[in-house]
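K.L.:
One structure follows; several queries about it will come next.
Protein chains: 2
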Amino acid sequence: MPALDPVLSRIDAGLDASVERLFSLLRIKSISTDKAYSAECRKAAQFLVEDLKSIGFEASIRDTPGHPMVVAHHSGETDAAPHVLFYGHYDVQPVDPLELWDADPFDPAIKELNGRKVLTGRGTSDDKGQLMTFVEACRAFKAERGSLPCKVTILFEGEEESGSPSLKPFLEANKDELKADFALVCDTGMWDHETPAISTGLRGLVGEEITVHAADRDLHSGHFGGAAANPIHILSKVLAGLHDETGRVTLDGFYDGVEEIPSNIRQSWNELGMTAEKFLGPIGLSEPAGEKNRSLLELIWARPTAEVNGITGGYSGQGFKTVIAAQASAKISFRLVQKQDPEKIRAAFRDYVRSKMPADCRVEFHEHGGSPGIQLSYDSPFLGVAKQALSDEWPKPAVMIAMGGSIPIVGDFQKLLGMESLLVGFGLEDDRIHSPNEKYELASFHKGARSWARILQGIADAQ
Amino acid sequence: MPALDPVLSRIDAGLDASVERLFSLLRIKSISTDKAYSAECRKAAQFLVEDLKSIGFEASIRDTPGHPMVVAHHSGETDAAPHVLFYGHYDVQPVDPLELWDADPFDPAIKELNGRKVLTGRGTSDDKGQLMTFVEACRAFKAERGSLPCKVTILFEGEEESGSPSLKPFLEANKDELKADFALVCDTGMWDHETPAISTGLRGLVGEEITVHAADRDLHSGHFGGAAANPIHILSKVLAGLHDETGRVTLDGFYDGVEEIPSNIRQSWNELGMTAEKFLGPIGLSEPAGEKNRSLLELIWARPTAEVNGITGGYSGQGFKTVIAAQASAKISFRLVQKQDPEKIRAAFRDYVRSKMPADCRVEFHEHGGSPGIQLSYDSPFLGVAKQALSDEWPKPAVMIAMGGSIPIVGDFQKLLGMESLLVGFGLEDDRIHSPNEKYELASFHKGARSWARILQGIADAQ
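Quick note, the sequences are listed as chains H and C, same order. Here the first sequence stands for residues 1 to 463, numbered as in the UniProt record's numbering. Here the second sequence stands for residues 1 to 463, numbered as in the UniProt record's numbering.
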């Protein structure tokens, strides 16, 4: 097997040029949620196509009803090595409030922060800086060897920050072209700046909005109070009854499909040393609020939740109004793990809410999306390869973590292309993605590219 | 004693002009809870001063730290007749939600509803239409006789809908000027559109606003859900715990000072034939929602309540936002009866709320007024005079009822000026006060003025 060191040395020697290329991409204002920036989104896609072509990929822009996809293909050194699909997104979040930025969000720079070099600007961490780590690894292979260690397909999306409306239809329409042995997704983070991480679990989501209707108009609480149904009382009882005194969700069958995490995973999470103080302290809290007798990481990574995201009813302006409202509403989200079924949980929730309605009141439901949780198998050989490769590159060994939020692409790859994903990324907690003054550590960018080189070689060598 | 008929005929003949004057007052947007309408409140006070001056009152605007009072005096035909203080309020409730109004709330009109003529617009029934019935009765006496049958002082307030913060200090500072033999308060209703009523019991009110603070910022529910405290959950539990399963309020000592009503009163109320169906049917409900095993009139007239008047927290706009809010708020009012102590109840509520706060969250309280319930004596001679006058005017004899709402002024008159009140008003159940499409029956306005003429004459004649 060919030595990897010359490839890694290429990455080191070419770092300044790599940063310059990334900066060119960062200067393109590819904000996908705002139609005013549609041409910029296309420009970013075009930039990537040209860059991938320059290192030998067969790359093209693929139109969608929204912003275009970039699809690129490159063969591997041997047909024996697995075929991987790499996913990233070139669109970025809006930049408002602009006045909170220290510099123009689209004028990237290298700065020093807490004694470490960082790249600043919108998209540095989410996700242009991340996706370019992979492109730079490929470039180094090509420069050193004239080939890639395995067959690579690349998919760059331009609508990740605006709900990915074109993604599923595109995957379905291009199944054969996009199907690979597994996917590499680079849109996640490290455990800390010395410890790389692979995300193996992602929570799913069920969103529901309920409106409780009582009287057919707002009422005077002096006149009707004590006799007429108050929808805020009914709603409060519904919401208060969602959790029992141990913090468990009370819905029938809610925990069906939820298993305890394996003891070795529990052990490795315990070793990460996360505490309620470390996690909640920075936001002004100290006590974990969910299920009792669970570690903090378990609560946010491996346990399902019910959270009320919004509530409104009656008068909430200045002063006081002695009104009994005609209606009251709440938005509720459930985070799902493992094999929980989103539609069963939605049905259990609706049954529960209906059971709390007085005979003369009614409730209206409105659905806000549903996706199951994702649990990647711990016994995939690629997981072991990635863990070794990352541990070789970084000061500390790689850890397997989970994520509280959802990355819908992972579910889509599983469902539509029958393909598992390996989630590796180099973002850090304090990268301020979606906020002013986004940054990406120069080390994330540099060692990220080196990590991908190691992973690609590892995948080829494992055969 | 001079004949009353010519005075009543004056009222009949001047009805169109009376309605026009009321409309001019209704067009002034005197919403007292919203600072944006302060100038409109003053304009309404000024309008009333000018109108009272035009019929010979010595009238003036009296500044307060909030909206001004109107005070006016007029001597009686003889010094032998009692001196009465008439009270009403010129401020009105906010008009939101504006989209539910059939017409501009401040563009009053005469319409036909259920075969009867009604005046429509904010304040028609609460309380501008009501207070003008008294002014129109005085105008008719002056036009016909050049005098009033007894000495009259008028007090119009501009903060009744916002907790009357300036009222007590004003009464204390102007005791000598405002003290009369008794007060006439026109802010109540009839039993039905044929049956006039005198209110002898009034529920008191304690208003509280609470804000639960958790994290020091809004959080992403994917990242923090299951670990961070959710203030909407805490607030829901607080509110859901205010009532037990029998509908009783759970606060410590809440029912101290509450006695069962005398059996003769219970009997007379039963004879009014009110049912849940009759009371709740018109607003689209059917089941009494308060304490179990109480008659409907008992629930709204003689039992204390706790009602949530408004709630807000998190995201309640269009669509969905997976946020855990930093804070959530609710406005709560307690209706009090008999000898319940408002400050003891406020303290019990605050203790209860504090007991529900997790150690790392905090609650902020904001007081919105407090007044005890009122029970007026059944043996006042003025009560007999008013009962006779009202029974003469309307198709059916007057009945003595209680009221679910609060009129704090009655307690203040009792406590600060040592003066009992006679509560007579012409509002109807379906007047939609505090709601969109408020109305006042033209008959209430017309026969209300005639009723006051009869009462004023009756008071003078009784001496």
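Think of the CB as a built atom: it goes at the ideal place given N, C-alpha and C, for glycine as much as any other residue. If you're wondering where the values come from, they're calculated on a predicted model, not measured in any experiment.
As a quick exercise: from H/263, H/45, H/296, H/356, pick the residue whose alpha carbon is nearest that of residue 279 of chain H.
P.N.:
H/296
K.L.:
From this set, C/452, C/433, C/102, C/427, which residue's C-alpha is nearest residue 442 of chain C's C-alpha?
P.N.:
C/427
K.L.:
Cα separation between residue 39 of chain C and residue 333 of chain C?
P.N.:
29 Å
K.L.:
Quick one: which chain H residues come within Cβ less than 8 Å of residue 316 of chain C?
P.N.:
310, 311, 312, 329, 331
K.L.:
Please specify which runs of the alpha helix (DSSP H), each continuous and at least 4 residues long, are wholly inside the segment 167-224 of chain H, giving them in chain order.
P.N.:
167-173, 175-178, 221-224
K.L.:
By the criterion of Cβ-Cβ separation under 8 Å, what are the contact partners of residue 287 of chain H in chain C?
P.N.:
229, 358, 359, 360
K.L.:
Please go through the same chain and pick out, in chain order, the residues whose beta-carbon is closer than 7 Å to the beta-carbon of residue 253 of chain H, but skip the five residues on each side of it.
P.N.:
344, 348
K.L.:
Answer with yes or no whether the minimum CB distance from residue 335 of chain H to chain C is below 7 Å.
P.N.:
Cβ-Cβ to chain C under 7 Å: yes for residue 335 of chain H.
K.L.:
Can you check whether the C-beta of residue 62 of chain C is within less than 7 Å of a C-beta belonging to chain H?
P.N.:
Taking a beta-carbon distance threshold of 7 Å, residue 62 of chain C does not count as an interface residue toward chain H.
K.L.:
Closer than 8 Å, Cβ to Cβ, to anything on chain C: give me those residues from the segment 217-228 of chain H, in chain order.
P.N.:
217, 218, 219, 220, 221, 222, 223, 224, 225, 226, 227, 228
K.L.:
At a Cβ threshold of 7 Å, is residue 345 of chain H touching chain C?
P.N.:
No - not a single Cβ of chain C is within 7 Å of the one on residue 345 of chain H.
K.L.:
Should residue 146 of chain C go down as buried or exposed, given a rule of 16 or more other Cβ atoms within 10 Å for buried?
P.N.:
exposed
K.L.:
For chain C, check one thing: does any of its Cβ atoms lie closer than 7 Å to the Cβ of residue 207 of chain H?
P.N.:
Cβ-Cβ to chain C under 7 Å: yes for residue 207 of chain H.
K.L.:
Against chain C, which members of the segment 272-285 of chain H pass a CB distance test of less than 8 Å?
P.N.:
276, 279, 280, 283, 284, 285
K.L.:
Could you give the first and the last residue of the continuous alpha helix (DSSP H) run that contains residue 414 of chain C?
P.N.:
The continuous alpha helix (DSSP H) containing residue 414 of chain C extends over residues 408-417.
K.L.:
Can you check the segment 55-118 of chain C for any beta strand (DSSP E) of at least 3 residues that lies completely inside it and give the ranges in chain order?
P.N.:
Along the segment 55-118 of chain C, the beta strand (DSSP E) occurs as fully enclosed runs of 3 or more residues at 58-62, 69-74, 83-89, 109-113, listed in sequence order.
K.L.:
Just the C-alpha distance for residue 144 of chain H and residue 138 of chain H, rounded to the nearest angstrom, thanks.
P.N.:
10 Å
K.L.:
Consider the Cβ of residue 323 of chain C: report whether some Cβ of chain H lies at a distance smaller than 7 Å.
P.N.:
Output row for residue 323 of chain C: interface = yes.
K.L.:
If you run the structure through DSSP and keep just helix, strand and coil, what is residue 132 of chain C?
P.N.:
helix
K.L.:
Roughly how many angstroms separate the alpha carbons of residue 298 of chain C and residue 201 of chain H, rounded to a whole number?
P.N.:
58 Å
K.L.:
Span of the beta strand (DSSP E) holding residue 367 of chain H?
P.N.:
362-371
K.L.:
Measure from the alpha carbon of residue 243 of chain C to the alpha carbon of each residue in H/230, H/245, H/250, H/243, then state which is nearest.
P.N.:
H/230
K.L.:
With which residues is residue 400 of chain H paired in a DSSP beta bridge?
P.N.:
H/198
K.L.:
Alpha carbon to alpha carbon, how far is residue 131 of chain H from residue 22 of chain H?
P.N.:
10 Å
K.L.:
Please state if the CB of residue 116 of chain H and the CB of residue 92 of chain H are separated by a distance shorter than 7 Å.
P.N.:
Contact annotation: residue 92 of chain H and residue 116 of chain H have beta-carbon atoms that are not nearer than 7 Å.
K.L.:
Need the endpoints of the alpha helix (DSSP H) that residue 388 of chain H sits in, please.
P.N.:
That run of the alpha helix (DSSP H) goes 381-393.
K.L.:
Please name the residue, chosen from H/448, H/400, H/380, H/350, that lies closest to residue 462 of chain H on a Cα-to-Cα basis.
P.N.:
The shortest C-alpha separation from residue 462 of chain H is found at H/380.
K.L.:
Helix, strand or coil: which one does DSSP assign to residue 281 of chain H?
P.N.:
Residue 281 of chain H: helix per DSSP, three-state reduction.
K.L.:
Please report whether the beta-carbon of residue 125 of chain C lies at a distance below 7 Å from any beta-carbon of chain H.
P.N.:
Closer than 7 Å: no.
K.L.:
Any residues in the segment 394-425 of chain H with a beta carbon nearer than 9 Å to a beta carbon of chain C? Which ones, in chain order?
P.N.:
For chain C, the residues of the segment 394-425 of chain H that bring a beta carbon within less than 9 Å of one of its beta carbons are 403, 404, 405, 406, in chain order.
K.L.:
What three-state label does DSSP hand residue 233 of chain C in the structure shown?
P.N.:
helix
K.L.:
Closest Cβ-Cβ distance between residue 266 of chain C and chain H: below 7 Å?
P.N.:
No, its Cβ sits nowhere closer than 7 Å to a Cβ of chain H.
K.L.:
Consider the Cβ of residue 248 of chain H: report whether some Cβ of chain C lies at a distance smaller than 7 Å.
P.N.:
With 7 Å as the cut-off, residue 248 of chain H does not count as an interface residue toward chain C.
K.L.:
Which residues of chain H have a Cβ atom closer than 9 Å to the Cβ of residue 237 of chain C, listed in chain order?
P.N.:
Ordered by position in chain H, the residues that pass the 9 Å Cβ test against residue 237 of chain C are 236, 239, 240, 243.
K.L.:
Return the residue from the list C/134, C/73, C/222, C/227 that minimises the CA-CA distance to residue 206 of chain H.
P.N.:
Answer by Cα proximity: C/222.
K.L.:
Within this structure, are the beta carbons of residue 155 of chain C and residue 255 of chain C separated by less than 7 Å?
P.N.:
no
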